[in-house]
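*Asks:* First to last, the sequence lines map onto chains A and B. Counting the first sequence from 1 gives a position; this note's numbering is that position plus 21. Counting the second sequence from 1 gives a position; this note's numbering is that position plus 21. Glycine included, C-beta positions come from ideal geometry on N, C-alpha and C.
There are 2 protein chains.
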Amino acid sequence: MSILVVGTVAFDSIETPYGKADHIVGGAATYISWAASYFTNDIRLCSVIGDDFPEHELVELRERGVSTEGLQVKQGEKSFYWAGRYHDDMNGRDTLVTDLNVLADFDPVLPESYKDAEYVMLGNLTPEVQMRVIEQMNKRPKLIVLDTMNFWMDVAMNSLKKVIGKVDVLTINDEEARQLSGVHSLVKAARIIRKMGPKYLIIKKGEHGALLFHNEDIFFAPALPLEEVFDPTGAGDTFAGGFIGYLAKTDDLSFESMKCAVIYGSLLASCTVEKFGLEKLKGLSTEELKARLEQFAAITRFEVPEKV
Amino acid sequence: MSILVVGTVAFDSIETPYGKADHIVGGAATYISWAASYFTNDIRLCSVIGDDFPEHELVELRERGVSTEGLQVKQGEKSFYWAGRYHDDMNGRDTLVTDLNVLADFDPVLPESYKDAEYVMLGNLTPEVQMRVIEQMNKRPKLIVLDTMNFWMDVAMNSLKKVIGKVDVLTINDEEARQLSGVHSLVKAARIIRKMGPKYLIIKKGEHGALLFHNEDIFFAPALPLEEVFDPTGAGDTFAGGFIGYLAKTDDLSFESMKCAVIYGSLLASCTVEKFGLEKLKGLSTEELKARLEQFAAITRFEVPEKV
Numbered sequence: 022m023s024i025l026v027v028g029t030v031a032f033d034s035i036e037t038p039y040g041k042a043d044h045i046v047g048g049a050a051t052y053i054s055w056a057a058s059y060f061t062n063d064i065r066l067c068s069v070i071g072d073d074f075p076e077h078e079l080v081e082l083r084e085r086g087v088s089t090e091g092l093q094v095k096q097g098e099k100s101f102y103w104a105g106r107y108h109d110d111m112n113g114r115d116t117l118v119t120d121l122n123v124l125a126d127f128d129p130v131l132p133e134s135y136k137d138a139e140y141v142m143l144g145n146l147t148p149e150v151q152m153r154v155i156e157q158m159n160k161r162p163k164l165i166v167l168d169t170m171n172f173w174m175d176v177a178m179n180s181l182k183k184v185i186g187k188v189d190v191l192t193i194n195d196e197e198a199r200q201l202s203g204v205h206s207l208v209k210a211a212r213i214i215r216k217m218g219p220k221y222l223i224i225k226k227g228e229h230g231a232l233l234f235h236n237e238d239i240f241f242a243p244a245l246p247l248e249e250v251f252d253p254t255g256a257g258d259t260f261a262g263g264f265i266g267y268l269a270k271t272d273d274l275s276f277e278s279m280k281c282a283v284i285y286g287s288l289l290a291s292c293t294v295e296k297f298g299l300e301k302l303k304g305l306s307t308e309e310l311k312a313r314l315e316q317f318a319a320i321t322r323f324e325v326p327e328k329v
Numbered sequence: 022m023s024i025l026v027v028g029t030v031a032f033d034s035i036e037t038p039y040g041k042a043d044h045i046v047g048g049a050a051t052y053i054s055w056a057a058s059y060f061t062n063d064i065r066l067c068s069v070i071g072d073d074f075p076e077h078e079l080v081e082l083r084e085r086g087v088s089t090e091g092l093q094v095k096q097g098e099k100s101f102y103w104a105g106r107y108h109d110d111m112n113g114r115d116t117l118v119t120d121l122n123v124l125a126d127f128d129p130v131l132p133e134s135y136k137d138a139e140y141v142m143l144g145n146l147t148p149e150v151q152m153r154v155i156e157q158m159n160k161r162p163k164l165i166v167l168d169t170m171n172f173w174m175d176v177a178m179n180s181l182k183k184v185i186g187k188v189d190v191l192t193i194n195d196e197e198a199r200q201l202s203g204v205h206s207l208v209k210a211a212r213i214i215r216k217m218g219p220k221y222l223i224i225k226k227g228e229h230g231a232l233l234f235h236n237e238d239i240f241f242a243p244a245l246p247l248e249e250v251f252d253p254t255g256a257g258d259t260f261a262g263g264f265i266g267y268l269a270k271t272d273d274l275s276f277e278s279m280k281c282a283v284i285y286g287s288l289l290a291s292c293t294v295e296k297f298g299l300e301k302l303k304g305l306s307t308e309e310l311k312a313r314l315e316q317f318a319a320i321t322r323f324e325v326p327e328k329v
């Protein structure tokens, strides 16, 4: 099945306790596309870049089955740029620079060939831009997944709630779930948020795993305990890409299939954080993915005897 | 199998966003004994109280199979008292009062009948007191589990490391594991801590679950997502009591059995936090425990198709 991916394609400068990476390729849609490309080769990328973006990165994406027909290139302008520094514990981070550049007046215009995509992944962006994408679709996609962040809850809650009302799956972190719902208990928060529209809610908790909520069902996927987290940038986007990639490949939207999609999303995210930027995500082998899947199974499997 | 339980038997005053409870019965050994009593009725309690401790609480414990022969009662003195206030997010808490009272010069003297206990649970206490208990055992117990906290790492690291070197299982939280090992990655921390002596390390992460480490094996038990956490006091002690209770009952120290023990510990802890103090833990039915066990299984089970 085809996936429409909307989000940033950008440059990042990242400092972590392990080192620095200057002006490397990043952006939500880049991570999403790379992650999803492990499952399908029919990905349609909608984003905007300046004329400073390296062509070979686009060639690599196209080789993975990512169409760049809907990727606007603004001559004489610069791509979106973010610089940040992670704290020693790798949980918090400070934003050092946010240069919107081409993103400032981004109007997502979908090529005709994008408008019938069955799966839609709306990466973190202005809620208005996310909404304009949904409005251009020829028919209701089978599944729309939306990622967002606390920033939009602070400055654009009304627009955000409107677009949340149009999607099937919302992915946010635990603090964002609390902010959006106004309650502390994640079980109660999930109930409140699902009433806003999404049938499924995924709460990402970073090193503490991810929770999937649907009706009264809950599934918990742990994060793979890692030797070292090198650079958390793009972990959430990688998760989203693996999640929707798995669903588009299987075209199975049962709760059991959603669970597997969460596992694959976590698995790919556990790879991304082990190196700077896209370095690790670009070169995964089938054997490596299989080995990680087995690790996931091993750390969660238990069998309680019938009678204790 | 018999379990020797050492720890505080005390009074707590607790404030949470949901209410206040004044001078209710608490203490690590109390929670541990109650939790373990769901698995075995051969529990030997070693602690100290003043003459202010209600006799009916001791009667209840004895009815659950808890021997109080090693419980010292100091006439004219007061029991240990702790008062604390939990923050709105229920993660942090401020200690308002710590009155050591009888605990100030507690010398744990084991009755002869305690000295051959097969399982030993050392609740959070001065490392020196924990060590004196181990030294009095007639023979090496099958399993010694030790719980401790950051306070002892701050003020008595040397004594703490000595007693840690004598035990089989150490239970601490994630921040304590980082403090004790000096590294951030929990995988690396576990390796360093296991070199200090314990073959098994359990890292408790509260609402984020618990990790069990043994050699290069890792097991992750989620925390049951709860509607509301009412009072987190005693959750870690309940976990420890359920953990050692399960092992003492099955007398099976394989890694598979340890996993089940972690699940039962988590399950009982999820009960404790739903009411103030011991209220919920005292009245659990077999049906309720069975239902929670099924919930645990349901939220973690997934089946990834052979071929994706």
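#1: Are the C-beta of Asp115(B) and some C-beta of chain A separated by less than 8 Å?
#2: Would you tell me roughly how many angstroms separate the C-alpha atoms of Ile265(A) and Gly218(A), rounded to the nearest one?
#3: List the endpoints of the continuous beta strand (DSSP E) containing Asp90(B).
#4: Any idea if Thr254(A) is buried or exposed, counting beta-carbon neighbours within 10 angstroms, 16 or more meaning buried?
#5: What are the boundary residues of the beta strand (DSSP E) that includes Ser34(A)?
#6: From Gly28(A), Cys281(A) and Lys280(A), pick the residue whose C-alpha is nearest to that of Phe127(A); which is it?
#7: By the DSSP assignment, the alpha helix (DSSP H) with Tyr285(A) in it spans what residues?
#8: Give the list of continuous beta strand (DSSP E) stretches no shorter than 3 residues that lie fully inside the stretch 59–139 of chain A.
#9: If you draw a straight line from the alpha carbon of Arg322(B) to that of Gln316(A), how long is it in whole angstroms?
#10: Please say whether Leu92(A) and Ser68(A) have beta carbons closer to each other than 8 Å?
#11: Taking the alpha-carbon positions, what's the Val333(B) to Val154(B) distance?
#12: To be precise: take each residue of the stretch 268–281 of chain A, compare its Cβ to all Cβ atoms of chain B, and keep it if any distance is under 8 Å. Which residues remain?
#13: Could you check whether Thr192(A) and Ala261(A) sit closer than 8 Å to each other, using their CB atoms as the reference points?
#14: Spatial neighbours of Leu289(A) within its chain, please: CB distance less than 6 Å, with the 5 preceding and 5 following residues excluded, ordered by chain position.
#15: Between Leu352(B) and Leu207(B), how many whole angstroms is the CB-CB distance? I'm expecting something under 8 Å.
#16: In chain order, what residues of the same chain lie with their CB nearer than 8 Å to the CB of Val330(B), ignoring the 5 residues before and after it?
#17: On the DSSP letters alone, give me the boundaries of the alpha helix (DSSP H) that Lys225(A) sits inside.
#18: Taking Cβ positions, are Glu90(B) and Pro132(B) nearer each other than 8 Å?
#19: Using a Cβ distance threshold of 8 Å, determine whether the stretch 215–230 of chain B contacts the stretch 176–192 of chain B, with at least three qualifying pairs required.
#20: So, for Gly97(B): in the same chain, excluding its five sequence neighbours on each side, which residues have a beta-carbon less than 7 Å away from its beta-carbon?
#21: Given a threshold of 16 other Cβ atoms within 10 Å of its Cβ, counted over all protein chains shown, does Arg276(B) qualify as buried or as exposed?
#22: Using the Cβ count rule (16 or more neighbours within 10 Å means buried), how would you classify Pro246(B)?
#23: Use the C-beta contact count for Arg83(A): other C-beta atoms within 10 angstroms, 16 or more gives buried, fewer gives exposed.
#24: Could you check how far apart the C-beta atoms of Arg65(B) and Ala138(B) are, in whole angstroms? I think they sit under 8 Å.
#25: Decide if Ser306(A) is buried, meaning its Cβ has at least 16 other Cβ atoms within 10 Å, or exposed.
#26: Quickly, what does DSSP pair Phe240(A) with across the bridge? List them, please.
#27: Can you give the beta carbon distance from Leu332(B) to Tyr140(B), rounded, assuming they're within the 8 Å contact cut?
#28: First and last residue of the alpha helix (DSSP H) that includes Val154(B)?
#29: Counting only Cβ-Cβ distances shorter than 9 Å, please list the residues of the stretch 200–231 of chain B near chain A, keeping chain order.
#30: By the three-class DSSP mapping on this structure, what secondary structure does Leu247(A) have?
#31: Which residues in the same chain as Lys163(B) place their Cβ atom closer than 8 Å to its Cβ, once the five residues preceding and following it in sequence are excluded?
#32: Whole angstroms is fine: what's the gap from Thr119(B)'s alpha carbon to Leu302(B)'s?
#33: By DSSP, does Ala42(B) sit in helix, in strand, or in coil?
#34: Are the C-beta of Asp63(B) and some C-beta of chain A separated by less than 8 Å?
#35: Would you grab the beta carbon distance between Asn122(B) and Ser100(B) for me? Rounded to a whole angstrom, and I think it's under 8 Å.
#36: Going straight from the alpha carbon of Arg106(B) to that of Leu117(B), what length do you get?
*Replies:* On the basis of the coordinates in this document:
#1: Locating residue 115(B) in the second sequence gives position 94, counting from the first residue. Chain A contact via Cβ: absent.
#2: As a first step, residue 265(A) is located in the first sequence; it is residue number 244 there, counting from the start. As a first step, residue 218(A) is located in the first sequence; it is residue number 197 there, counting from the start. Ile265(A) and Gly218(A): Cα-Cα distance of roughly 18 Å.
#3: Here residue 90(B) is taken as the residue at index 69 of the second sequence, counted from 1. According to the sequence provided, residue 90(B) is Glu. The question's Asp does not apply to it. Glu90(B) -> beta strand (DSSP E) spans Val87 to Lys95.
#4: Position 233 of the first sequence holds residue 254(A). By the 10 Å Cβ count, Thr254(A) comes out buried.
#5: Sequence index remark: in the first sequence, residue 34(A) carries index 13 (1-based). Ala31 to Thr37 is the extent of the beta strand (DSSP E) around Ser34(A).
#6: The count along the first sequence starts at 1 and reaches residue 127(A) at position 106. Among Gly28(A), Cys281(A) and Lys280(A), the Cα nearest to that of Phe127(A) belongs to Gly28(A).
#7: The residue labelled residue 285(A) in the question sits at position 264 within the first sequence. Tyr285(A) -> alpha helix (DSSP H) spans Phe276 to Thr293.
#8: 64–71, 87–95, 101–107 and 114–120
#9: Residue 322(B) sits at position 301 when you count from the first residue of the second sequence. Residue 316(A) sits at position 295 when you count from the first residue of the first sequence. Looking at the two C-alpha atoms, the distance is approximately 14 Å.
#10: Locating residue 68(A) in the first sequence gives position 47, counting from the first residue. Locating residue 92(A) in the first sequence gives position 71, counting from the first residue. Yes, the Cβ-Cβ distance between Ser68(A) and Leu92(A) is below 8 Å.
#11: Past the boundaries of the shown model lies residue 333(B); chain B is included only from 22 to 329, so the question cannot be answered.
#12: Lys270, Thr271, Glu277, Lys280 and Cys281
#13: Residue numbering aside, residue 261(A) sits at position 240 when the first sequence is read from its first letter. Residue numbering aside, residue 192(A) sits at position 171 when the first sequence is read from its first letter. Closer than 8 Å, so yes.
#14: Counting from 1 along the first sequence, the entry for residue 289(A) is found at position 268. Closer than 6 Å at the Cβ level, and outside the excluded window around Leu289(A), lie Ala56, Thr259 and Gly263.
#15: This structure cannot settle anything about residue 352(B), because the visible part of chain B is limited to 22 through 329.
#16: Outside the shown range of chain B (22 to 329) lies residue 330(B), about which nothing can therefore be said.
#17: The residue you call residue 225(A) lines up with position 204 of the first sequence. Not the alpha helix (DSSP H): Lys225(A) falls in the beta strand (DSSP E), residues Tyr221 to Lys225.
#18: As a position in the second sequence, residue 90(B) is number 69, starting the count at 1. As a position in the second sequence, residue 132(B) is number 111, starting the count at 1. Taking 8 Å as the cut-off, the beta carbon of Glu90(B) is found closer than this to the beta carbon of Pro132(B).
#19: yes
#20: In the second sequence, residue 97(B) corresponds to position 76, counting from 1. Asp72, listed in sequence order.
#21: Residue numbering aside, residue 276(B) sits at position 255 when the second sequence is read from its first letter. The residue you asked about is not Arg; residue 276(B) is Phe in the sequence shown. Exposed.
#22: For the purposes of this step, residue 246(B) is identified with residue 225 of the second sequence, where counting begins at 1. With 16 or more other Cβ atoms within 10 Å, it is buried.
#23: Here residue 83(A) refers to the residue found at position 62 of the first sequence. Arg83(A) comes out exposed.
#24: Stepping through the second sequence from its first residue, residue 65(B) is reached at position 44. Stepping through the second sequence from its first residue, residue 138(B) is reached at position 117. Taking the Cβ atoms as the reference, Arg65(B) lies roughly 6 Å from Ala138(B), within the contact range of under 8 Å.
#25: The count along the first sequence starts at 1 and reaches residue 306(A) at position 285. By the 10 Å Cβ count, Ser306(A) comes out exposed.
#26: Here residue 240(A) refers to the residue found at position 219 when the first sequence is read from its first residue. Paired residue(s): Leu233(A).
#27: Given a span of 22 to 329 for chain B in the structure shown, any question on residue 332(B) remains unanswerable.
#28: Translated into positions along the second sequence, residue 154(B) becomes position 133. Counting along the chain, the alpha helix (DSSP H) containing Val154(B) begins and ends at Pro148 to Gln157.
#29: His205, Ser206, Leu207, Val208, Lys209, Ala211, Lys226, Glu228, His229 and Gly230
#30: Indexing the first sequence from 1 puts residue 247(A) at position 226. The answer is coil: DSSP assigns Leu247(A) none of H, G, I, E or B.
#31: For the purposes of this step, residue 163(B) is taken as the residue at position 142 of the second sequence. Apart from the 5 residues on each side of it in sequence, Lys163(B) sits with its Cβ closer than 8 Å to the Cβ of Met22, Glu139, Tyr140, Asp272 and Leu274 in its chain, given in chain order.
#32: As a position in the second sequence, residue 119(B) is number 98, starting the count at 1. As a position in the second sequence, residue 302(B) is number 281, starting the count at 1. Each residue's alpha carbon lies about 24 Å from the other.
#33: Position 21 of the second sequence, counted from the first residue, corresponds to residue 42(B). Three-state DSSP puts Ala42(B) in a strand.
#34: Within the second sequence, the letter at position 42 stands for residue 63(B). Judged by the 8 Å Cβ criterion, Asp63(B) is not in contact with chain A.
#35: Taking the second sequence and counting its residues from 1, one reaches residue 122(B) at position 101. Taking the second sequence and counting its residues from 1, one reaches residue 100(B) at position 79. So it is a contact: roughly 6 Å between Cβ atoms.
#36: By 1-based counting over the second sequence, the position of residue 106(B) is 85. By 1-based counting over the second sequence, the position of residue 117(B) is 96. Their backbone Cα atoms lie some 7 Å apart in a straight line.
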